[in-house]
Amino acid sequence: MLPGLCKLASLKQRKSLFGSLSGARLRANGVLVCREIKIFLFPGYTMFRSYLAAVRELPHPPRLFLIFTAVNVFSWQCIAGQALVLFARALNMPPAWVGLLLSFLPISMLLVVFAVPLVEWLGPRKLLMWTWLGRNILALSVFLLPWAVLRWGESGGWHVLLFATLAFSLIRAIGVGAWYPWLHEIVPRPLLGSYFSIEAAMSQVVMIVVTLGMALILGLGQGLSRFFLLYAAGIGAGLWSVQLVRKIPGGRRRIAEIGAEARSPALREALADREYRRFFILAMLGIASLMWLNAASVMYLRDMLFYSETTIMLLLGAGGIGVACTVHYWGRAADRFGSVPAMIQLLAAHALLAFAWWGLLPGGRMTGLLALPIIVFSAIFNIAFTMVSARGMLCRVRDEGRVAYTSLWILGVSTANGLPPILAGLLIDHLGLLGFRLCFCIAGALGLVAAGFMYGLSPEEGKPPIGELHHLIRPGQPLRSLGRVFWITLGFGEKK
2 MLPGLCKLAS
12 LKQRKSLFGS
22 LSGARLRANG
32 VLVCREIKIF
42 LFPGYTMFRS
52 YLAAVRELPH
62 PPRLFLIFTA
72 VNVFSWQCIA
82 GQALVLFARA
92 LNMPPAWVGL
102 LLSFLPISML
112 LVVFAVPLVE
122 WLGPRKLLMW
132 TWLGRNILAL
142 SVFLLPWAVL
152 RWGESGGWHV
162 LLFATLAFSL
172 IRAIGVGAWY
182 PWLHEIVPRP
192 LLGSYFSIEA
202 AMSQVVMIVV
212 TLGMALILGL
222 GQGLSRFFLL
232 YAAGIGAGLW
242 SVQLVRKIPG
252 GRRRIAEIGA
262 EARSPALREA
272 LADREYRRFF
282 ILAMLGIASL
292 MWLNAASVMY
302 LRDMLFYSET
312 TIMLLLGAGG
322 IGVACTVHYW
332 GRAADRFGSV
342 PAMIQLLAAH
352 ALLAFAWWGL
362 LPGGRMTGLL
372 ALPIIVFSAI
382 FNIAFTMVSA
392 RGMLCRVRDE
402 GRVAYTSLWI
412 LGVSTANGLP
422 PILAGLLIDH
432 LGLLGFRLCF
442 CIAGALGLVA
452 AGFMYGLSPE
462 EGKPPIGELH
472 HLIRPGQPLR
482 SLGRVFWITL
492 GFGEKK
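In my numbering, the protein residues as written are 2 to 497.
This is the structure we're talking about:
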């Protein structure tokens with residue numbers, strides 16, 4: 002009797018506890034609880050599943066292009082990334098020459114204007130394949146550096162490194178003109194935001210891994226062989242990327258483009274598109290505001306806050322991790338509501354963070370605590386805005402003029418990224434701490450002005466107008482709007 006009574010009591014307790022829940026519902030709740038425990042204990046679990054689901058949504062050609070992009074980022078970082086400055090200084094190259102070396106990559110991108118007829122004549126696939134092969138072959142000239150040093154001394158090595166970097170940059174600039182037209186062809190428009198968010202996160206992960214690998218290799222000794230090892234890895238990956246280009250579908254020359262007009266009329270036609278022109282100008286102002294902060298921030302950490310190179314790299318690495326973990330939320334938001342609302346939110350938030358750099362006072366008590374979140378969220382909003390604006394550009398590109406539209410975009414991005422560092426350097430050189438603060442003010446003011454004018458942009462086809470998104474953007478309640486930006490960044494606003 003006693004076991005039976007205990008069993009009866011247990012059944013009554015279960016019934017009172019769970020009510021009328023069925024066994025299937027109990028199992029469903031158990032699965033839900035386990036899932037919530039996984040999300041709580043392992044944040045990376047949710048991020049990985051989200052990215053995996055987004056990749057599965059993409060067709061096969063964009064997936065192959067993502068693989069090519071990952072290999073290309075690895076190659077580019079080894080040849081012209083952060084180690085290039087260390088390579089130059091190991092050769093005792095003067096700082097002025099190092100500045101010239103670093104200017105090759107952004108300034109050479111202006112040559113993309115000459116890629117318009119080449120893309121129309123050869124098609125994106127052939128142009129990208131031949132230029133990527135050519136840039137890696139010319140980069141091999143860096144291995145002549147020991148011979149040049151023996152023949153002409155250190156200056157001979159400087160000239161070889163300058164030539165290898167310049168040749169790599171020039172050929173790359175011509176080939177980049179084929180990048181966006183090919184993406185415009187193979188990525189479905191509703192998935193552009195998802196694609197660019199995956200690309201941004203993947204690039205950040207590759208860059209973090211490459212940075213750690215570089216730190217290990219450069220710590221092996223003091224000779225130049227360390228840098229040649231990095232170059233060899235980069236060139237090897239670059240040659241592999243050429244093989245990957247051949248496997249990506251599409252990218253062939255269009256028959257309608259064979260008789261296209263000359264380069265100048267094609268670009269003028271793109272500028273004559275009023276809707277595209279307004280979007281282009283405001284996006285370039287936004288990118289310029291990002292670059293004003295980028296140009297001053299690292300030097301401010303080193304020269305004013307006296308952070309060591311290791312500390313700065315760790316902070317930048319934390320920013321890269323933040324980008325990889327959160328940027329896909331903004332890609333999905335852009336796919337759902339359009340790029341313009343996301344651009345307004347991201348640019349305004351980045352502008353406010355630019356003003357927050359004033360709070361990082363040299364020797365201040367709160368500087369150490371504020372530096373990490375300011376740097377991490379600045380990096381997140383920077384990359385997310387760049388990604389979302391590129392998506393918005395492709396959504397406004399017409400099929401018949403895709404080469405001219407995308408080449409004009411690359412030309413504008415190169416200018417917006419190239420001018421602020423020069424001007425910021427002049428301000429900092431002449432004014433010191435005041436110059437840094439002026440850079441932060443210019444970044445913040447320019448970002449807020451550009452974000453304000455973006456309210457006048459027309460929405461993308463099938464997307465709601467700005468006025469209907471009052472739950473996302475509230476100009477009269479800036480703190481609430483800023484809170485919404487952080488809410489989306491952390492992934493909590495995705496359902497709304």
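Just so it is clear, CB atoms sit at the ideal spot from N, CA and C, and this is done for glycine as well.
Every alpha helix (DSSP H) stretch that sits fully inside the stretch 134-188 and reaches 4 residues is listed by chain position as 146-153, 155-177, 180-187. Buried is the label assigned to H329, since at least 16 other Cβ atoms lie within 10 Å of its Cβ. Around the beta-carbon of A343, 16 or more other beta-carbon atoms lie within 10 Å, marking it buried. Going by beta carbons, V177 and M285 fall outside the 8 Å limit.
Around L432, the same chain offers no residue with a beta carbon nearer than 6 Å, after the five sequence neighbours per side are excluded. A straight-line Cα-Cα distance of about 26 Å links W133 and L213. Counting the other CB atoms within 10 Å of its CB gives A273 a total below 16, which places it among the exposed residues. A distance of 8 Å or more separates the beta carbons of S459 and G393. Its chain contains M208, V211 as the residues whose beta carbon lies nearer than 7 Å to that of Q78, once the 5 sequence neighbours on both sides are disregarded; these appear in chain order. Nearest in C-alpha terms to V377, of all of H61, I218, S198, W358, is W358. In the three-state scheme derived from DSSP, where H, G and I count as helix and E and B as strand, F437 is classed as helix.
Distance from the Cα of A116 is smallest, within the candidate group G194, V404, G157, for V404.
Shown here for G419: same chain residues with a beta carbon closer than 7 Å to its own, the five before and five after excluded, namely P107, I108 in chain order. When the beta-carbon positions are compared, H351 and G448 come within less than 8 Å of each other. Measuring C-alpha to C-alpha distances from N383 to each of G320, V143, S156 identifies G320 as the nearest.
Sixteen is the threshold: since fewer than 16 other Cβ atoms of the shown chains lie within 10 Å of the Cβ of E462, the residue is exposed. One alpha carbon belongs to G457, the other to K464, and they sit about 15 Å apart.
Restricting attention to beta strand (DSSP E) runs no shorter than 3 residues, the stretch 195-225 encloses none. Pairing R90 with R136 gives a Cβ-Cβ distance that is not under 8 Å. With respect to P62, P363 sits apart: the two C-beta atoms are not nearer than 8 Å.
Of all C-beta pairs linking the stretch 190-206 to the stretch 331-339, three or more are shorter than 8 Å, placing the two stretches in contact.
For N295, the three-state secondary structure derived from DSSP is helix. Exclusion of the five residues before and after W183 leaves P125, G252 as the residues of its chain whose Cβ lies within less than 6 Å of its Cβ.
For I68, the uninterrupted alpha helix (DSSP H) segment begins and ends at 61-81.
Taking the CA atoms as reference points, A201 sits about 24 Å from G445. Going by C-alpha positions, R190 is about 20 Å away from R278. Assignment of Y308 by DSSP, reduced to helix, strand and coil, places it in the coil class. With distances taken between CA atoms, L347 lies nearest to M455 out of V243, M455, L302. Close CB contacts of A296 within its chain, under the 6 Å cut and outside five residues either way in sequence, are with P421, P422, A425 (chain order). About 6 Å separates the Cβ atoms of T166 and A81, confirming a contact at the 8 Å cut-off. With respect to the 8 Å criterion, Y232 and W410 are not classified as neighbours on the basis of their beta carbons.
For the pair F386 and L291, the CB atoms are nearer than the 8 Å cut-off. Secondary structure of I345 (DSSP, three-state): helix. Per DSSP, I411 is one residue of the alpha helix (DSSP H) stretching across 403-432.
Contact check for V114 against L395 fails: the beta carbons are separated by 8 Å or more. Sixteen is the threshold: when 16 or more other Cβ atoms of the shown chains lie within 10 Å of the Cβ of N73, as they do, the residue is buried.
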